[in-house]
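So the sequence shown is numbered by my numbering: it starts at 12 and just counts up by one.
Built from N, CA and C at the ideal position, the CB exists for glycine as well.
Comments concern the structure below.
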Amino acid sequence: MARSSDPLRFLNVVPMRLPPLNAIRAFEAVCRHGSILKAAEELNVVRGAVRQQIATLENHVGRKLFARDGRKLVPTVQASAFAAAAGAAFDILQRAALELESTVPGRIRLGVPSAFAVWWLMPRVADMQASLGDMSVDIVPMTVVEPLQMHPELDAVIMGGEYRPAAGITALRFMEDEFGPVATPALAATLSGGPTGMGALTMLASRSVPKLWDEWFAESGTPPVVFSRVQEFEDLLLALAAARSGLGIALAPRASIEDDLKRGDLVAPYGFISRPSGYSLCCRTPDAKRPTFAALSGWLLSCGMPA
């Protein structure tokens, strides 16, 4: 009897029947943008092509993926889950392709909140480099801190506050944090009557963390204060620099102003409250076990968590 040349003939193998890749990409872009038009612009195709790909995917899976809410397309629960998985998969593929094209061994591009980078990480960067040896870390300051899945050009990001990793992302919490209102000693000396006294001052806010004041009022149990004046800055670095100059009172994570507190440039008239969520190093799950990421994670843990 002739023996088959097909090595799979005697195996119980069912070929994978994945949806067309272009259809998945169009679908994921629509879910991410919430708009067929914006998805079409990203993919550099006309809207009709995106609609056709969505129809192809719906025919493949045998169900509708979107419901209409007025003029808006809203993905179903199952579709949202699939979009998240697809986004993570595309992210991993893109990173793998970049590594295939030009790998720089032992190098990590790390996105870091600007204030955290300047006042916590950079004073420790020499110790970090000594600990990591030949591995290099490119520190990319982020005015607006966004999840890693939105930045394929980065290898990892440091996230503060409440953050829930998306599919395909691993987060390592390496440091707790506290936050509270801060001002110069001279300005703080004018305060009276508890936190309500802040109303006589200018509130310094940051567009990069627009809800920080609201979060402090809620988490500290302090009734919201109506300030005489509010001044906004593009990022927290500028808001804290304004506080240091005596312009008003700012809301600051303690990790970002430790040196200011030690020098007496800033004081916290109402103390700080703990933020258990703290700071996390977020990387793609396949990267988490690589030696370079393990070394960086170990160094962050040794510096961030109390002994």
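Can you list, in chain order, the residues of its chain whose CB lies under 8 Å from that of Met209, leaving out five sequence neighbours each side?
Sequence index remark: in the sequence shown, residue 209 carries index 198 (1-based). These residues qualify, in order along the chain: Pro192, Leu202, Val236, Phe238, Ile260.
Rounding to the nearest angstrom, what Cα-Cα distance links Asp166 and Leu159 in this structure?
Here residue 166 corresponds to residue number 155 of the sequence shown, with the count starting at 1. Here residue 159 corresponds to residue number 148 of the sequence shown, with the count starting at 1. C-alpha separation (whole angstroms): 8 Å.
Taking just the CA atoms, how far does Ala253 sit from Leu121?
Locating residue 121 in the sequence shown gives position 110, counting from the first residue. Locating residue 253 in the sequence shown gives position 242, counting from the first residue. Counting only the Cα atoms, Ala253 lies some 27 Å from Leu121.
Buried or exposed: which applies to Thr207, given that a residue is buried once 16 or more other Cβ atoms fall within 10 Å of its Cβ?
To locate residue 207, count along the sequence shown from 1; it is residue 196. Flag for Thr207 reads exposed.
Contacting residues, own chain, Cβ-Cβ under 8 Å from Gln242 (five flanking each side not counted)
Start at 1 with the first residue of the sequence shown, and residue 242 comes out as number 231. Correct list, in chain order: Thr213, Met214, Leu215, Ala216, Ala253, Leu258, Gly259.
Own chain partners of Leu132 with C-beta closer than 7 Å, once the 5 adjacent residues on each side are dropped:
Against the sequence shown, residue 132 aligns to sequence position 121. Excluding sequence positions up to five before and after Leu132, its CB lies within less than 7 Å of the CB of Val123, Ile150, all in the same chain and listed in chain order.
I'd like to check one pair, Gln64 with Ala37: are the Cβ atoms closer than 8 Å?
Your numbering for residue 37 matches position 26 in the sequence shown. Your numbering for residue 64 matches position 53 in the sequence shown. Cβ atoms of Ala37 and Gln64: closer than 8 Å.
Leu29, enclosing beta strand (DSSP E) - first and last residue:
Here the question's residue 29 lines up with position 18 in the sequence shown. Segment: none, Leu29 is in no beta strand (DSSP E) and carries neither H nor E.
Span of the beta strand (DSSP E) holding Ser313?
Position 302 of the sequence shown, counted from the start, is the residue given in the question as residue 313. Per DSSP, Ser313 belongs to no beta strand (DSSP E); it is in the alpha helix (DSSP H), 302-315.
Grab me the residues of Ala128's own chain with a C-beta within less than 7 Å of its C-beta, minus the 5 sequence neighbours each way, in chain order.
Numbered from 1 along the sequence shown, position 117 holds the residue referred to as residue 128. Counting only Cβ-Cβ distances below 7 Å, and skipping sequence neighbours, we find Ile150, Pro152.
For Ala100 versus Ala177, is the C-beta spacing smaller than 8 Å?
On the sequence shown, position 89 is the one that residue 100 refers to. On the sequence shown, position 166 is the one that residue 177 refers to. No, they are not a contact pair.
Sequence-distant residues of its chain with Cβ nearer than 8 Å to Leu327 (five each side left out)
Residue 327 lies beyond the range of the chain shown here (12 to 318); nothing can be said about it.
Hey, would you say the C-beta of Thr296 is under 7 Å away from at least one heavy atom of the ligand PLP?
The ligand PLP is absent from the structure shown, which contains no ligand whatsoever.
Out of Ala40, Ile284, Ala60, Ala50, point me to the one whose CA is closest to Glu187's CA.
The residue labelled residue 187 in the question sits at position 176 within the sequence shown. The shortest C-alpha separation from Glu187 is found at Ile284.
Among His71, Glu53, Ala40, Val57, whose alpha-carbon lies nearest the alpha-carbon of Pro31?
Translated into the one-based positions of the sequence shown, residue 31 becomes position 20. Of the listed residues, the one whose Cα sits closest to Pro31 is His71.
In the structure shown, what three-state DSSP assignment does Ala182 receive?
Numbered from 1 along the sequence shown, position 171 holds the residue referred to as residue 182. Under the three-state reduction of DSSP, Ala182 is assigned to strand.
Contacting residues, own chain, Cβ-Cβ under 8 Å from Asp246 (five flanking each side not counted)
Start at 1 with the first residue of the sequence shown, and residue 246 comes out as number 235. Taken in chain order, the residues that qualify are Ser125, Ala126, Thr154, Val155, Ser217, Arg218, Ser219.
Residues that Gly171 bridges to, as DSSP identifies them:
For the purposes of this step, residue 171 is identified with residue 160 of the sequence shown, where counting begins at 1. Tyr290, per the DSSP bridge assignment.
What are the uninterrupted segments assigned as beta strand (DSSP E) that are 3 or more residues long and contained completely in the segment 54-104, given in chain order?
77-80, 83-86
Residues bridged to Gly208 by DSSP?
Position 197 of the sequence shown, counted from the first residue, corresponds to residue 208. Per DSSP, none; premise fails for Gly208.
Helix, strand or coil for Phe244, going by three-state DSSP, please let me know.
On the sequence shown, position 233 is the one that residue 244 refers to. Looking at Phe244 - three-state DSSP - the assignment turns out to be strand.
Report the option in Leu54, Thr195, Gly45, Ala51 whose CA atom is closest to the CA atom of Ala78.
Along the sequence shown, read from residue 1 onward, the residue named residue 78 stands at position 67. If we check each option's Cα against that of Ala78, Gly45 comes out closest.
Please return the same chain residues whose Cβ sits closer than 6 Å to the Cβ of Phe244, not counting the five positions on each side in sequence.
The residue given as residue 244 occupies position 233 in the sequence shown. Closer than 6 Å at the Cβ level, and outside the excluded window around Phe244, lie Ser217, Ala250.
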